[in-house]
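J.:
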Ligand SMILES: [Mg+2]
């Protein structure tokens, strides 16, 4: 059982960030875990939440039960139903568009095959497709699997060229592994794209279907949900696309610096150091004439540099600083490089 004593809840009568919403849609990698290990404070903070959580992952290779087992090992109480994968979103998309019992070519890991079986499709793998050449396919679901071969990609290309409805679970180009950067599903999808000249329907983040699946499962409208993630170009862009508020957690890929240069559709509603902030009072940056103020921090940009009246805590500096930088960026007073350079002067730990 996770220790809860490192979570400082909002004071009595002050709503915590999460109490503004009916449920949370939470990313996994870089937010809850990094490889096999839990991210600091994630388990205790998630255990302290009083609203339901669905974990949404672009990773299509593992079935939800396997992801839930990993989370349970880390100390969370999670079932397969609490995990939504891009394979499930892909299978749901095909089920909306194809008659029940249709034959679908499954390219990817067990997560892809199992999601299709849940919708009563007739599932054919790439290896089986190679052996039964007369088969015709109503659909193709392509997701990442560590054992996907060039032959699997060829089968996908043949089926797509013959008119099968092509759904890709996600188009993340890279996959970080302990040995380095491997080609992600987006790179494998691009191979089929190049071969066929066709475009897939994409369901994973930054596209909205995976988030919509989460909203359906939670039985809540998107406007009542908070999406939490560590990547601007997937988690936050997807939340904007799906109509959800979002929180960027600074424990993963993106930082104060990368957020500083982000265009408006990639900006989160909130920026938090780690998941403990969900059960704390959120202090936003507010404008005061030419100044931006967050808690004890008060600053503005003059002559392309910081004018700091009072420096607050690191996260207060980050929130007030980002508000200044985005305002200057939007008014054309700074370019992306200038915003990122000024962001590195904020006293945050990234
Ligand atoms: Mg992530």
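In the numbering used here, the protein residues as written are 1047 to 1396. Glycine included, every Cβ here is placed at the ideal spot set by N, Cα and C. Predicted model only: the values in this text are computed from it and were never measured.
1) Does the beta carbon of residue 1218 fall short of 6 Å from some heavy atom of ligand 1?
2) Just how far apart, CA to CA, sit residue 1148 and residue 1096?
3) Would you kindly report the start and end of the unbroken alpha helix (DSSP H) that includes residue 1111?
4) Is it right to say residue 1173 is buried, meaning 16 or more other beta carbons lie within 10 angstroms of its own, or is it exposed?
5) Given that a residue counts as buried once 16 or more other Cβ atoms are within 10 Å of its Cβ, and exposed if not, what is residue 1049?
6) In angstroms with no decimal places, state the Cα-to-Cα distance between residue 1162 and residue 1345.
7) Considering just the uninterrupted stretch of the alpha helix (DSSP H) at residue 1439, what are its terminal residues?
8) Residues bridged to residue 1351 by DSSP?
9) Should residue 1275 be flagged as near chain C, meaning a C-beta pair shorter than 7 Å?
10) Identify whether residue 1279 lies in helix, strand or coil by the three-state DSSP scheme.
11) Can you tell me the Cα-Cα spacing of residue 1115 and residue 1102, whole angstroms?
12) Roughly how many angstroms separate the alpha carbons of residue 1269 and residue 1185, rounded to a whole number?
13) Determine the burial state of residue 1291: buried for a count of at least 16 other Cβ atoms within 10 Å of its Cβ, exposed for fewer.
14) Excluding the five sequence neighbours on either side, which residues of its own chain have a C-beta within less than 7 Å of the C-beta of residue 1336, listed in chain order?
15) At a cut of 8 Å, does the stretch 1168-1183 reach the stretch 1123-1143 through at least three beta carbon pairs?
16) Ordered along the chain, which non-local residues of its own chain (more than five positions away) have a Cβ less than 7 Å from that of residue 1356?
17) How close, in whole Å, do the beta carbons of residue 1321 and residue 1278 come, if the pair is a contact with beta carbons under 8 Å?
18) Just to confirm, does residue 1300 get its C-beta within under 6 Å of one of the non-hydrogen atoms of ligand 1?
19) The alpha helix (DSSP H) spanning residue 1362 covers which residue range?
20) What residues in its chain sit with their C-beta under 8 Å from that of residue 1260, if we drop five residues either side in the sequence?
21) Just to confirm before moving on: does the CB-CB distance between residue 1238 and residue 1203 stay below 7 Å?
T.: By the coordinates alone:
1) In the chain shown, residue 1218 corresponds to position 172, counting from 1. Not so, every heavy atom of ligand 1 lies at least 6 Å from the Cβ.
2) Along the chain shown, one-based indexing puts residue 1148 at 102. Along the chain shown, one-based indexing puts residue 1096 at 50. Cα to Cα, the separation comes out at about 41 Å.
3) Residue mapping note: residue 1111 aligns to position 65 of the chain shown, counting from 1. From DSSP, the alpha helix (DSSP H) with residue 1111 extends over 1110-1120.
4) Residue 1173 sits at position 127 when you count from the first residue of the chain shown. Per the 10 Å Cβ criterion, exposed.
5) Here residue 1049 is taken as the residue at index 3 of the chain shown, counted from 1. In this prediction, residue 1049 has a pLDDT of 45, which is less than 50 and means its spatial position is unreliable; nothing more can be read from the coordinates.
6) For the purposes of this step, residue 1162 is taken as residue 116 along the chain shown, with counting starting at 1. For the purposes of this step, residue 1345 is taken as residue 299 along the chain shown, with counting starting at 1. Spanning the two alpha carbons is a distance of roughly 53 Å.
7) Residue 1439 is absent from the model: the chain starts at 1047 and stops at 1396.
8) As a working note, residue 1351 is residue 305 in the chain shown. In the DSSP output, where bridge partners are listed per residue, residue 1351 has 1348.
9) Judged by its chain identifiers, the structure shown contains no chain C, having just a single protein chain.
10) Mapped onto the chain shown, residue 1279 falls at position 233. Note: residue 1279 maps to helix in three-state DSSP.
11) One-based indexing of the chain shown puts residue 1115 at position 69. One-based indexing of the chain shown puts residue 1102 at position 56. Spanning the two alpha carbons is a distance of roughly 15 Å.
12) Here residue 1269 refers to the residue found at position 223 of the chain shown. Here residue 1185 refers to the residue found at position 139 of the chain shown. The straight-line gap from Cα to Cα measures roughly 32 Å.
13) Counting from one through the chain shown, the residue named residue 1291 turns up at place 245. Burial call: buried.
14) Counting from 1 along the chain shown, the entry for residue 1336 is found at position 290. The residues are 1346.
15) no
16) As a working mapping, residue 1356 is identified with position 310 in the chain shown. Around residue 1356: 1342, 1343, 1344.
17) Taking the first residue of the chain shown as 1, we reach residue 1321 at position 275. Taking the first residue of the chain shown as 1, we reach residue 1278 at position 232. Not quite, the Cβ-Cβ distance comes to about 18 Å (not below 8 Å), so this is no contact.
18) Locating residue 1300 in the chain shown gives position 254, counting from the first residue. Checking every heavy atom of ligand 1 against the Cβ of residue 1300, none is found closer than 6 Å.
19) In the chain shown, the residue the question calls residue 1362 occupies position 316. Run containing residue 1362: 1360-1376, per the alpha helix (DSSP H) assignment.
20) For the purposes of this step, residue 1260 is taken as the residue at position 214 of the chain shown. Cβ within range, chain order: 1071, 1100, 1102, 1130, 1271.
21) Indexing the chain shown from 1 puts residue 1238 at position 192. Indexing the chain shown from 1 puts residue 1203 at position 157. Contact flag set, yes.
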